[in-house]
Amino acid sequence: MCGIVGYIGRRQAYPILIKGLHRLEYRGYDSAGVALINEAGQLNIYKAKGKVSELESFAADKDINGCIGIAHTRWATHGEPNTQNAHPHYSESERLAIIHNGIIENYAVLKAGLMKEGYTFKSDTDTEVLVQLIEYTQLNKHVDLKTAVQLALQQVIGAYAIAILDKEHPDTLIAARKGSPLVVGIGENEYFLASDATPIIEYTDQVIYIEDEEVVVLKPSATGNQPSDIEITTINNVTKTPEIKRLELSLSQLEKGGYPHFMLKEIFEQPRTLTDSMRGRVNVRQDNIALSGFIDNKDRFLNAKRIIITACGTSWHAGLIAMYAIEEFAQIPVEVEYSSEFRYRKPVINKDDVVIAISQSGETADTLAAIQLAKSKGAFIFSICNVIGASIPRMSDSGCYTHVGPEIGVASTKAFTAQVAALTMLALCIGREKKTISKEQFVSVVRELGQIPQKIERVLEQNTRIADFAKTFTYTQNFIYLGRGYNFPVALEGALKLKEISYIHAEGYPAAEMKHGPIALISQEMPVVVVAPHCGTYEKIVSNIQEIKARKGRVIAVVSEDDVQVRKIADYVIEVPATEECLTPLLTVIPLQLLAYHIAVVKGCDVDQPRNLAKSVTVE
Ligand code: AGP
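So in our numbering, the last spot in the sequence shown is 621, and the numbers never skip.
Structural data, given as structure tokens:
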């Protein structure tokens with residue numbers, strides 16, 4: 002998730018832009034840059050890998066004058082995090098400069114077309130393709146910049162929020178969006194632009210939220226703001242009336258998108274982040290899945306005698322779900338290993354093994370060491386990671402990024418669901434190639450994958466109800482979480498969420514394991530969370546719940562919307578929409594994330610930075 006800031010007006014732009022980038026640092030990034038047009042009409046771009054402070058050091062002795070500029074913090078999606086891939090990007094003639102937040106899915110096709118016209122590229126980014134396309138359109142169709150932007154964006158498939166400068170028109174700042182946020186701030190003879198209102202709020206509370214497929218032209222006049230200073234059209238040049246709103250949130254609230262904590266914001270982001278994660282991969286219209294990391298390495302998977310999954314914590318739970326899916330759909334034996342154990346226990350690793358490393362941060366020391374060991378034995382390493390260019394993907398032979406943007410809350414939520422989705426896509430792709438999954442089942446799961454984001458929306462509608470009954474457990478000391486099949490790892494994940502943010506002890510178990518010891522613990526004082534959607538072992542889990550109730554246990558059940566039996570015996574019921582069994586974890590985990598969050602909040606815990614925990618465990 003990149004950060005965008007723009008300014009045009011009566012003041013020097015640079016200080017405003019840099020302060021705006023600092024305001025957006027909470028979004029996470031790997032490089033930063035700024036473009037300015039000075040009084041002489043020169044377009045200067047400065048950019049640096051790393052923190053905004055690196056950019057400031059680099060620009061300290063440069064010409065940073067100018068009353069118009071754009072600035073960017075990059076969260077890499079296409080191309081490694083480095084200076085040449087950092088934004089802004091020049092057009093070929095260096096007349097234009099662009100910054101972009103989003104993913105252009107058809108950038109390769111557009112790039113090939115421009116290369117045929119003789120265009121060359123300095124970076125690996127989809128963004129540079131866009132600015133070249135805009136310049137090519139401007140020069141070849143002899144149109145102004147706004148029209149060139151409109152025409153170019155009509156050819157783009159994907160998500161974008163862009164801002165663009167033309168050094169031949171230093172009185173005009175143009176921006177556009179689709180799928181990525183963009184806000185205009187209205188000052189006195191000056192305009193601000195940003196990905197969200199945090200860089201704007203200290204200058205003005207008058208804002209315009211740009212809508213999808215809208216292009217905005219900002220052109221302050223010397224005689225005070227006129228309505229004509231702001232022109233908004235669609236990419237098809239339909240004029241829109243600017244709708245000015247007043248900001249009511251504090252800076253801190255804005256950084257969290259209006260939510261009280263990053264964790265709740267990230268739980269509620271999951272419909273969008275899963276959509277982003279499946280963008281360009283799941284094609285429901287064509288009943289198809291395209292995972293480039295798999296396509297380029299098909300044989301390694303098809304010839305694998307075994308798949309070893311190595312990860313830690315929540316990522317390990319995602320790996321456990323993958324074991325069920327890969328063995329069901331691809332019929333390849335899977336072993337799921339804690340990285341910390343795998344790296345030290347002298348495991349037998351063969352050259353035809355495929356090792357899948359799962360890591361949100363891409364920097365977990367034990368997982369990195371585990372794949373170094375596997376690589377040294379000749380295994381093929383495939384990583385599922387959220388941070389482009391992190392150590393684990395760099396160490397891997399191939400992989401699949403989850404593209405959920407920075408996950409700020411220490412307790413992983415949106416990364417987990419994206420990991421599960423990516424691993425399910427992988428299992429389906431392998432099964433289709435091996436013909437170990439029927440076409441009907443493949444199509445059915447792909448179509449259901451496309452429905453999951455809105456089904457998660459329906460689960461999130463129960464947030465208030467979950468918050469209400471979470472208060473009941475403020476002083477509870479112990480929980481047990483139970484699940485079967487695909488939802489056994491969900492029980493483990495739910496227990497971990499509760500432990501790590503509320504400090505309440507919780508254990509996850511396969512539901513059938515109760516009889517082998519844990520049932521001795523059942524009492525009124527220890528609630529039991531049972532993940533019991535309709536699936537192959539539903540009747541068995543109903544019996545498990547009855548055993549608990551017979552011993553006066555309290556049951557919180559996660560059930561399918563059309564459930565009848567469990568809702569008669571459970572004390573609390575949270576419903577999830579019906580879906581394919583292999584996809585139920587994407588829905589059943591949501592209530593458990595919310596339950597852990599609300600219990601932690603009611604206990605007054607530091608939800609985003611729980612005690613003793615780090616977001617990325619880069620030490621052993
Ligand atoms: C999850 O909520 C925890 N923060 C933790 O278990 C985490 O999943 C684990 O440390 C692995 O991190 P990674 O995915 O970045 O490798």
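Cβ atoms here follow ideal geometry from the backbone N, Cα and C, with glycine treated the same way. From a predicted model like this one, the values you see are computed outputs, not experimental measurements.
Does DSSP put residue i in a helix, a strand or coil?
i: Ser362; result: coil
i: Asn237; result: coil
i: Pro511; result: strand
i: Glu106; result: coil
i: Thr629; result: No answer is possible for residue 629: it lies beyond the span of the chain, which begins at 2 and ends at 621.
i: Glu540; result: helix
i: Asp277; result: helix
i: Phe295; result: helix
i: His599; result: helix
i: Ser92; result: coil
i: Lys142; result: coil
i: Phe59; result: helix
i: Tyr137; result: helix
i: Asp1; result: No answer is possible for residue 1: the residues shown for the chain start at 2 and end at 621.
i: Phe193; result: strand
i: Gly259; result: coil
i: Ala571; result: coil
i: Gly4; result: strand
i: Asp288; result: coil
i: Leu97; result: strand
i: Val1; result: Residue 1 lies beyond the stretch modelled for the chain, which goes from 2 to 621, so this question has no answer here.
i: Gln207; result: strand
i: Gly225; result: coil
What does DSSP give as the partner residue(s) for residue i in the beta ladder?
i: Cys583; result: Answer is none; Cys583 lacks a bridge partner.
i: Val577; result: Ser561
i: Arg178; result: Ala162 and Glu215
i: Cys401; result: Ile385
i: Ala312; result: Tyr339
i: Arg485; result: Partner(s): none; Arg485 has no beta bridge.
i: Phe480; result: Ala507
i: Arg247; result: Gln207
i: Val150; result: The partner list for Val150 (beta bridge, DSSP) is empty, contrary to what the question assumes.
Pick from the options: whose alpha carbon is nearest that of residue i?
i: Asn351; options: Gly537, His318, Ile308 and Gly363; result: Ile308
i: Tyr539; options: Lys553, Ala558, Leu18 and Gly554; result: Ala558
i: Glu581; options: Met515, Arg466, Ser617 and Leu429; result: Leu429
i: Asn237; options: Lys415, Lys266, Thr365 and Val150; result: Val150
i: Leu461; options: Ser181, Asp609, Ile438 and Ile591; result: Ile591
i: Val620; options: Leu593, Gly363 and Ile382; result: Gly363
i: Leu44; options: Ala380, Arg552, Gly451 and Glu169; result: Glu169
i: Ser399; options: Asp300, Val285 and Ser196; result: Asp300
i: Ile201; options: Leu497, Gly7, Gln594 and Lys472; result: Gly7
i: Thr276; options: Leu424, Ala496, Ala419 and Ile523; result: Ala419
i: Phe480; options: Leu593, Met426, Cys3 and Tyr260; result: Leu593
i: Val184; options: Glu342, Arg178 and Tyr210; result: Tyr210
i: Leu369; options: Asp354, Leu483 and Ser617; result: Ser617
i: Ser503; options: Ala412, Ile542 and Cys583; result: Ala412
i: Val543; options: Ile523, Ile570 and Ile135; result: Ile570
i: Leu146; options: Ala176, Thr128, Gly554 and Gly119; result: Ala176
i: His262; options: Glu408, Gly294, Lys347 and Gln133; result: Glu408
i: Glu212; options: Ala41, Pro611 and Tyr161; result: Tyr161
i: Tyr192; options: Gln139, Asp230, Gly537 and Val157; result: Asp230
i: Gln133; options: Glu95, Asn387, Leu56 and Thr465; result: Glu95
i: Ile268; options: Asp607, Tyr598 and Val529; result: Tyr598
i: Ala380; options: Thr425, Asp367, Leu499 and Ser397; result: Ser397
i: Gly258; options: Met527, Tyr510 and Tyr27; result: Tyr27
i: Glu81; options: Tyr339, Ile389, Phe295 and Ile310; result: Ile389
i: Val608; options: Glu501, Glu129 and Asn304; result: Glu501
Pull up the CB-CB distance for residue i and residue j, whole angstroms please, since I reckon it's below 8 angstroms.
i: Leu131; j: Ile163; result: 7 angstroms
i: Gly70; j: Ala14; result: 4 angstroms
i: Ser360; j: Ile393; result: 5 angstroms
i: Lys456; j: Leu588; result: 6 angstroms
i: Lys123; j: Asn83; result: No, Lys123 and Asn83 are not in contact; Cβ-Cβ is about 11 angstroms, not under 8 angstroms.
i: Ala496; j: Glu514; result: No, Ala496 and Glu514 are not in contact; Cβ-Cβ is about 13 angstroms, not under 8 angstroms.
i: Ile104; j: His88; result: Going by Cβ atoms, the distance from Ile104 to His88 rounds to 14 angstroms, so no, they are not a contact pair.
i: Lys220; j: Thr173; result: 5 angstroms
i: Leu248; j: Val208; result: 6 angstroms
i: Glu622; j: Phe417; result: What is shown of the chain runs 2 to 621, which leaves residue 622 out entirely.
i: Thr199; j: Leu252; result: 6 angstroms
i: Ile505; j: Ile523; result: Not really, about 17 angstroms apart at Cβ, beyond 8 angstroms.
At what residue ranges does the region 411 to 475 contain a whole run of the alpha helix (DSSP H), taking only runs of 4 or more?
Qualifying alpha helix (DSSP H) stretches, in chain order: 415 to 435, 440 to 461 and 464 to 471.
What residue ranges within the region 320 to 375 form continuous beta strand (DSSP E) runs of no fewer than 3 residues, ordered along the chain? Segments of the beta strand (DSSP E) lying fully in the region 320 to 375: 335 to 339 and 355 to 360.
Ignoring anything shorter than 3 residues, give me the beta strand (DSSP E) runs that lie fully in the region 13 to 94, in order along the chain.
Entirely contained in the region 13 to 94, the beta strand (DSSP E) runs reaching 3 residues are, in chain order, 32 to 38, 44 to 50 and 69 to 75.
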